[in-house]
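Have a look at the structure below, then the notes.
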Amino acid sequence: MPLIAECPQWNRTISEKMANLAYFVLLTVCVMAQGSPKMPHSEDPVIVVGGGLAGLSSSIEALRNGGKVILIEREKNVGGNSAKASSGIKGCGTEAQDRLGMKDSTDKLYSDSPLEIATMTERSSMFWIPSPKEGRPSPVGISIIRALKFSTYILKEVEERSEFMKILVNTEVLGLVTWNEYITGVRIKKEDGSLDEIRGKSVILATGRFSSDRHNESSLLNEFASDKMGFLTTNGAFARGEGIKMARAMGAQIIGMEHVQIHLTAFIDPKDPTAGRLCAEKVNSKGVRFANELGRRDYLTGRIQSEGDDFPENPKWRYVIC
């Protein structure tokens with residue numbers, strides 16, 4: 046064992062050898078007494094790090110499959126950037142449109158974009174919603190009732206058995222705990238500043254992306270998308286990529302890090318860069334509309350960068366008139 050190398054040479058007297066042996070045994074006992082990570086048990090909870098959409102969805106799936114869950118969120122509330130998602134569902138032929146004289150209908154929608162609608166209908170939900178485990182179709186009504194019953198069951202369990210589901214907010218995960226080649230838990234910093242370890246049979250890292258990780262030497266944004274460093278971010282200050290860094294430190298391979306999206310439908314006020322406003326049509330400095338506003342984000346971003354003008358306060362930014 047490596048510790049033997051710390052003992053003196055064995056070419057001394059018997060008494061010296063016995064003293065050294067006693068020291069070695071005592072040292073070994075002390076090391077063992079300090080404790081070490083243990084093999085995970087099937088009764089241990091699933092630990093979910095991050096309370097955004099991915100973390101909450103993972104928690105629900107673990108609960109549905111009979112597991113116990115501890116969800117850890119560094120902020121004071123769950124939600125993350127997912128809570129700011131603002132996409133909606135549009136309708137047509139409403140009373141409001143009639144009162145305003147707007148001629149809109151499903152037929153007009155189809156005539157405007159037949160290819161897109163055909164693509165969506167040909168690959169409708171029946172192609173991507175998983176089939177029931179037993180392989181038999183079930184009436185929609187029964188599926189809804191089952192879901193409601195199960196949701197009620199989960200909520201009741203959470204209320205009556207705190208060990209079934211715990212949500213720890215204002216709690217920061219500092220690192221992962223390992224046993225041999227297994228991840229067996231996390232080290233955390235509690236709201237009061239104290240440190241602790243939580244054991245789990247598996248750890249799900251759902252801490253989100255890293256666009257706010259830019260003001261330190263280990264900046265992921267600078268490493269993988271340095272050309273985006275001059276842009277503002279719609280992500281919260283919590284989007285620092287800690288989960289990615291923890292996984293990477295344990296030897297995980299990371300992919301797609303260079304794909305940092307640029308959001309283009311926003312208005313920036315130089316006096317208050319944090320204020321935002323959605324924009325519609327895009328025209329250049331000559332008043333000419335230069336892009337299809339319903340195009341892909343990468344397409345529109347490229348058009349703005351090629352047609353737009355330098356932002357007076359920051360030449361790295363490009364702007365157009367909406």
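With the numbering used here applied, the sequence shown corresponds to residues 46 to 367, in that order.
Virtual Cβ for every residue (Gly too), placed ideally from N, Cα, C.
Cβ pair residue i, residue j closer than 7 Å
i, j, result
"H308", "T279", "yes"
"P85", "V114", "no"
"G125", "G253", "yes"
"V248", "I92", "yes"
"A292", "L266", "no"
"A282", "S257", "yes"
"L116", "I212", "yes"
Residue i to residue j span [Cα, whole Å]
i, j, result
"L154", "M165", "13 Å"
"K121", "A336", "41 Å"
"F255", "S102", "20 Å"
"V218", "L339", "40 Å"
"L221", "R285", "17 Å"
"I233", "Q306", "31 Å"
"G112", "L98", "19 Å"
"I349", "K327", "8 Å"
"G332", "R342", "22 Å"
"D241", "S264", "27 Å"
"Y227", "A128", "33 Å"
"T229", "L277", "37 Å"
"S330", "S351", "12 Å"
Host beta strand (DSSP E) of residue i (start-end)
i, result
"L250", "S247 to L250"
"T223", "E217 to W224"
"D241", "L240 to R244"
"K211", "M210 to L213"
"G230", "Y227 to K234"
Residue nearest to residue i in terms of C-alpha spacing, selected from the options
i, options, result
"K235", "N110, L101, E118 and I92", "E118"
"K290", "K273, F276, D272 and E268", "E268"
"S150", "L160, D143 and C137", "C137"
"N225", "A270, M295 and K273", "M295"
"D272", "H304, R244 and I243", "H304"
"K246", "G347, E167, A163 and T223", "T223"
Exposed unless 16 or more other CB atoms sit within 10 angstroms - verdict on residue i
i, result
"S104", "buried"
"R334", "exposed"
"G275", "exposed"
"G100", "buried"
"G146", "exposed"
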